[in-house]
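**Q**
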Amino acid sequence: MSELEQLSMLIGGKPTGAISGRTFATENPYTGEPWAEIPDGGTEDIDAAVGAARAALDGEWGQMTGFARAARLRKLAELIGENAERLARLEVNDSGKLYREMLGQLQGLGGWYHYYAGLADKIEGAQIPSPNPNYLVYTRREPVGVVAAITPWNSPLLLMSWKVAPALAAGCTIVIKPSEHAPGSTLGFAELIKQAGIPDGVVNVVTANSGEVGAHLAAHPGVDKVAFTGSTATGRKVAAAAAEKLHPATLELGGKSPQVVFPDADLQAAANGLVAGVFAATGQTCMAGSRLVVHEDVHDELVRLVAERASQIKLGDPFGEDTEMGPVANRMQYEKVVGYLSTAREEGATIEYGGSSEESLGGYFVQPTVLSVKPTDTVFREEVFGPVLAAVTFTDEDDAIKLANDTPYGLAGAVWTKDVHRAHRVAARIKAGSVWINAYRVVAPSVPFGGFGDSGIGRENGVHGIDAYLETKAVWVELTGGTRDPFTLG
Ligand code: NAD
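Using this note's numbering, you'd call the opening residue of the sequence shown number 170 and step up by one each time.
#1: Out of G277, W585, T576 and L639, point me to the one whose CA is closest to G620's CA.
#2: Would you grab the beta carbon distance between S426 and R460 for me? Rounded to a whole angstrom, and I think it's under 8 Å.
#3: Which ranges would you report for the beta strand (DSSP E) in the stretch 190 to 273 if only whole runs of at least 3 residues count?
#4: Does the beta carbon of V407 fall short of 7 Å from some heavy atom of the ligand NAD?
#5: Would you say the stretch 414 to 428 touches the stretch 608 to 627, given that touching needs at least three Cβ pairs under 8 Å?
#6: Quick check on DSSP: helix, strand or coil for R610?
#7: Tell me which same chain residues have a C-beta within less than 8 Å of the C-beta of V611, skipping the five on either side of it?
#8: For Q364, count neighbouring C-beta atoms within 10 Å of its own C-beta (all shown protein chains included) and say buried if the count is 16 or more, exposed if not.
#9: Run through DSSP, which three-state label would K346 get?
#10: Less than 7 Å separating the Cβ of A384 from some heavy atom of the ligand NAD?
#11: Looking only at C-alpha atoms, which of R550, K543 and T547 sits nearest to T562?
#12: Looking at chain C, is there any beta carbon in it that lies within less than 8 Å of the beta carbon of K587?
#13: Can we count W113 as close to the ligand NAD, meaning its CB is less than 7 Å from some heavy atom?
#14: In chain order, which beta strand (DSSP E) runs of at least 3 residues are fully inside the stretch 268 to 356?
#15: Counting pairs of Cβ atoms below 8 Å between the stretch 626 to 645 and the stretch 278 to 292, do you hit three or more?
#16: From L328 to D469, what does the alpha carbon distance come to, in whole angstroms?
#17: Buried or exposed for L648, please, with buried defined as at least 16 other CB atoms from any protein chain shown within 10 angstroms of its CB.
#18: In chain order, what residues of the same chain have a beta carbon less than 7 Å from the beta carbon of G495, not counting five sequence neighbours either side?
#19: So A144 and A388 are in contact, right, with Cβ under 8 Å, and what is the actual spacing, rounded?
#20: Would you mind working out which of R223, E202, F193 and L226 sits nearest G679, comparing C-alpha positions?
#21: Would you call the stretch 296 to 308 in contact with the stretch 250 to 260, where contact means no fewer than 3 C-beta pairs closer than 8 Å?
#22: Exposed or buried, P321, counting other C-beta atoms within 10 Å across all chains shown (16 or more means buried)?
#23: Count the other C-beta atoms from every protein chain shown that fall within 10 angstroms of the C-beta of D227, then say buried if there are 16 or more, exposed otherwise.
#24: Return helix, strand or coil for R653, following the three-state DSSP convention.
#25: Between the C-alpha atoms of R238 and Q296, what's the straight-line distance to the nearest angstrom?
#26: A434 by DSSP, collapsed to three states: which one?
#27: Using DSSP with H/G/I as helix, E/B as strand and the rest coil, what is K667?
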């Protein structure tokens, strides 16, 4: 076994181990070997990080103008670009995602910091008409304070940046707690903070080999806002902790997104969109288009096209230039996906392609799988978070909408048709935070992202993404200097 890479947490500007001295090894899902030694932080490390974030807010950072914060965000964006290869490598080692996908994602990640740098110096209050002539009234937009950012193991740096970029632009300070399954790249990111000229304590990262440390952070009295991405089950706990403390919370949770294909669609393009939606990133994306709702007349042809492409997908080493699908990211997730496949078989699903693990490759490989199912089947209803597409048929538009919306989730969806009227009509009726027409799996810093229903609360990205990190203060200025009757308003 080769030597483990050593990575440090960041608390108060200092690279550090856990106060307890404990560490844990993080595993590469392709080799099945540990590859890095990670500090196993505890609640005492969270306390120190929250204290450092509070001190930074009360210090130089709290006094800094939006122009000065923007300059630092731009520098951070440049540093991410310069270090994209290292960060992508850390992420691939932890998650088994394709290096070429992660490199592209990391090269584009600076875009989030540039976008919010552009907003940092445009945070404006308003002068408000007063009902009484002796008052000047205006509003100030102030940072909400210390932010807790809790992130999952799929795309750790992308989902972290959806929180860190607007939070820093708004003038907040932050404590990040990445997933125990993929903490490496967030620690690599932490190494860039000082170089970007961001004062000590503004960004802190605590890693831990347990969710309990995340729970301590979510409920911490020193935290003013929680921004969470992860499963719906954990999201409910985070929301309950935030409610107890009356912290605002942004929750980006799970999904079971429909792709609705009408008979007039370009079936080749739809097949390609289905492959991108559920097999890219080995299906481990919150927005995976894992439910195919297809018109009965084109079911066989579309399923044949998707199955044919699935059969050609090259599984293998995530660093291989021609690899198209890597392993599932960790043992727990692998067992979960394999469990869903056996449930699908028990419930009578027709296996159009795949349906098993791929043991010949070692690592946690699962075959890209295409199933024709009933709308009541578990695999059509629950989030698998793996490369599994479940197809059902519809007869008319109302039937299609009913099937698409028959889920407690509402993160994303797609409609495939050449009929422009139907395209917009159906997009309006799909209950989801993002709907693509004749496309799938596109996100951008400028476009809001988030879910309806069990997929979460609030939106990240876009101009209004910064509002989640700002409080509004109304300031009343008495203009005459006169003394008023203390027993009347005004
Ligand atoms: P998870 O809920 O298990 O863990 C997410 C994070 O929460 C981790 O850092 C974990 O340590 C921490 N945590 C665990 N218990 C906690 C608690 N009680 N209090 C506070 N924090 C706690 O999720 P995961 O398995 O890492 O990620 C996969 C899930 O994330 C999927 O359901 C997926 O759909 C969802 N996801 C959503 C989005 C989105 O934007 N909507 C994006 C990516 C992933």
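The beta carbon of each residue, even a glycine, is placed where N, CA and C say it ideally should be.
**A** The answer reads as follows:
#1: Looking up residue 620 in the sequence shown gives position 451. Comparing Cα positions, the closest option is T576.
#2: As a first step, residue 426 must be located in the sequence shown, where it is residue number 257. As a first step, residue 460 must be located in the sequence shown, where it is residue number 291. Right, the Cβ-Cβ distance comes to about 7 Å (below 8 Å), so this counts as a contact.
#3: 192 to 196 and 203 to 208
#4: Residue 407 sits at position 238 when you count from the first residue of the sequence shown. The answer is yes for V407.
#5: yes
#6: Residue numbering aside, residue 610 sits at position 441 when the sequence shown is read from its first letter. Three-state DSSP puts R610 in coil, outside helix and strand.
#7: Position 442 of the sequence shown holds residue 611. Answer for V611: W605, listed in chain order.
#8: Taking the sequence shown and counting its residues from 1, one reaches residue 364 at position 195. Exposed, because fewer than 16 other Cβ atoms sit within 10 Å of the Cβ of Q364.
#9: Taking the sequence shown and counting its residues from 1, one reaches residue 346 at position 177. Residue state, collapsed to three classes: strand.
#10: Within the sequence shown, residue 384 is the residue found at index 215, counting from 1. Flag set: Cβ of A384 near the ligand NAD.
#11: Residue 562 sits at position 393 when you count from the first residue of the sequence shown. Of the candidates R550, K543 and T547, the one whose C-alpha sits nearest the C-alpha of T562 is K543.
#12: The chain inventory of the structure shown lacks chain C, comprising one protein chain alone.
#13: Nothing in the structure corresponds to residue 113, since the chain is present only between 170 and 659.
#14: 304 to 312, 315 to 319 and 342 to 346
#15: yes
#16: Sequence index remark: in the sequence shown, residue 328 carries index 159 (1-based). Sequence index remark: in the sequence shown, residue 469 carries index 300 (1-based). About 37 Å.
#17: For the purposes of this step, residue 648 is taken as the residue at position 479 of the sequence shown. Classification for L648: exposed.
#18: Working through the sequence shown from its first residue, we reach residue 495 at position 326. If the five residues before and after G495 are omitted, its C-beta is found closer than 7 Å to the C-beta atoms of Y199, G265, K266, L267, T451 and P487, all from its own chain and listed in chain order.
#19: A question about residue 144 goes unanswered here, because the residues of the chain that appear run from 170 up to 659.
#20: An answer regarding residue 679 cannot be provided, because it is not within the stretch 170 to 659 covered by the chain.
#21: no
#22: Taking the first residue of the sequence shown as position 1, residue 321 is located at position 152. P321 is buried by the Cβ-count criterion.
#23: Taking the sequence shown and counting its residues from 1, the one referred to as residue 227 is at position 58. The residue in question, D227, is exposed, as its Cβ has fewer than 16 Cβ neighbours within 10 Å.
#24: If you number the sequence shown from 1, residue 653 lands on position 484. R653: coil per DSSP, three-state reduction.
#25: Residue 238 sits at position 69 when you count from the first residue of the sequence shown. Residue 296 sits at position 127 when you count from the first residue of the sequence shown. Taking the straight line joining both Cα atoms gives about 24 Å.
#26: Position 265 of the sequence shown holds residue 434. If DSSP states are grouped into helix, strand and coil, A434 belongs with coil.
#27: A question about residue 667 goes unanswered here, because the residues of the chain that appear run from 170 up to 659.
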